[in-house]
Every structure is written in C-alpha cells, then in structure tokens.
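The structure appears right after this line, and notes come after that.
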C-alpha cells in the first residue's frame with residue numbers, strides 16, 4: 001500500500017464514535033496507525049482528517065508518536081492538530097512542560113517532504129509549527145519542502161475580514177520561522193460547514 005486517507009464522516013462529527021452491531025466504536029489515530037503497521041515500509045502518503053471528531057485523550061499521549069516514526073517511506077503527511085498536539089490536554093495530563101512546542105518535531109519522520117496541518121481557530125499547534133521552522137533552519141528535517149496549513153473556523157462567514165487578518169498574521173509568522181530554509185509555507189482559512 002502506498003497511500004491511505006481517512007476523513008471523518010459528518011455523521012460522526014459531534015461524538016467521534018459510531019455504533020455498529022450494537023457496539024460503540026471510537027475512532028482513534030493510534031488504532032489507525034496500528035492497522036497500517038504492516039505497510040510501514042511502503043506507505044508514502046498518509047492523510048488523517050479527523051477535525052470533526054473528539055479524539056480520545058489517551059491518543060494525545062506519546063504512544064502513537066513512535067508508531068508514526070516507523071513509517072520509513074512516508075513523504076506526505078496530512079493531519080489535524082488534535083491528532084497529535086498535546087496542547088489540547090490540561091497541562092497535568094499532557095506530559096509536557098508549560099511552553100514546550102515539540103508536538104510535531106517529536107514524531108515527524110525525517111522522510112516527509114510535504115506536511116499538511118489543519119489547525120482549529122484556537123491555533124493550539126501554531127507554536128509547534130514555528131518550532132519546526134526553527135529546526136528546519138537549523139538543518140534538521142532535510143527532506144521537508146512544503147508546509148501547508150489550514151485554519152478551520154467554526155461559525156459565521158460574516159467574520160471573514162477578521163479571520164483574514166488573523167490568518168495573514170499567522171502566515172507571516174510561519175514564513176518568518178522558515179525563512180532561509182527553502183521550505184514553501186502556505187496558510188489558508190477553511191470554514192466548517
């Protein structure tokens with residue numbers, strides 16, 4: 001298998017689980033990666049778009065991050081921030097320090113050339129992307145060529161001007177963080193249906 005993509009079904013969006021055969025099933029990035037482990041040496045593209053779901057807090061712990069680093073052929077990785085960012089958890093549960101911004105750099109395989117991240121309008125992983133930029137400028141993650149960010153907004157589109165200003169500020173900050181690295185950076189707003 002060379003590519004795998006999973007996008008949340010709108011029917012799951014408020015709960016993050018579904019019922020089949022009388023049993024409740026919760027979607028977990030860890031379970032997805034466990035299922036993909038046999039393809040860890042051939043999988044080149046992985047997309048997990050789960051932004052409409054509540055990810056189990058246990059998945060935000062460090063368990064699945066070592067799993068992802070085993071995917072040695074991965075060149076394209078597209079994730080939603082709550083699939084990896086521990087800033088969604090209270091400080092005591094997250095296992096991180098107050099200002100720690102290493103949620104991305106601790107799991108990103110060195111082979112990834114395209115990284116796509118969808119952030120919610122709270123921008124929990126923004127500092128982690130800036131930290132990644134600092135690491136790339138310092139000579140790490142040499143395969144990385146593009147970082148594409150989307151900012152998912154809930155609510156009315158009548159705030160489009162306000163949102164556009166926020167996104168432009170974040171875009172400028174990200175480009176500054178990656179400046180001189182040769183990595184192309186993009187940032188766009190996406191409105192939730």
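Numbering (UniProt numbering), first residue to last: 1 to 193.
Idealized CB from N, CA, C, for every residue including glycine.
Next item on the list: Please name the residue or residues paired with residue 141 in a DSSP beta bridge.
Entry: DSSP output for residue 141 lists no bridge partner at all.
Note to self: Strictly by DSSP, which residues pair up with residue 186?
What the structure shows: 148
Next item on the list: Could you check if residue 30 is buried or exposed, using at least 16 other CB atoms within 10 Å of its CB as the buried criterion?
Entry: buried
Check: Do you know whose CA, among 107, 150, 135, lies nearest residue 180's CA?
Finding: 135
Notebook entry, point to check: For the alpha helix (DSSP H) that contains residue 173, what are its first and last residues?
Noted result: 160-177
Notebook entry, point to check: Under the rule that 16 or more other beta-carbon atoms within 10 Å means buried, what is residue 81, buried or exposed?
Noted result: buried
Notebook entry, point to check: What span of residues does the beta strand (DSSP E) with residue 106 cover, start to end?
Noted result: From DSSP, residue 106 is part of no beta strand (DSSP E); its letter is neither H nor E.
Check: Who does residue 67 pair with in a DSSP beta bridge?
Finding: In DSSP, residue 67 forms no bridge with anything.
Next item on the list: Decide if residue 62 is buried, meaning its Cβ has at least 16 other Cβ atoms within 10 Å, or exposed.
Entry: The pLDDT assigned to residue 62 is 49, lower than 50, so where the model puts this residue is not dependable; a value taken from the coordinates is nonetheless given after this. By the 10 Å Cβ count, residue 62 comes out exposed.
Next item on the list: Taking residue 110 as the reference, give the member of 138, 47, 38, 74 with the closest Cα.
Entry: 74
Item checked: Nearest to residue 130 (by Cα), restricted to the options 143, 178, 164, 79 -> 178
Note to self: For a quick check, are the C-beta atoms of residue 184 and residue 145 less than 8 Å apart?
What the structure shows: yes
Margin query: Considering just the uninterrupted stretch of the beta strand (DSSP E) at residue 36, what are its terminal residues?
Written below: Premise fails: residue 36 lies in the alpha helix (DSSP H), 29-36, not in any beta strand (DSSP E).
Check: Which whole-angstrom value describes the C-beta separation of residue 71 and residue 43, a residue pair presumed to lie in contact below a C-beta threshold of 8 Å?
Finding: 5 Å
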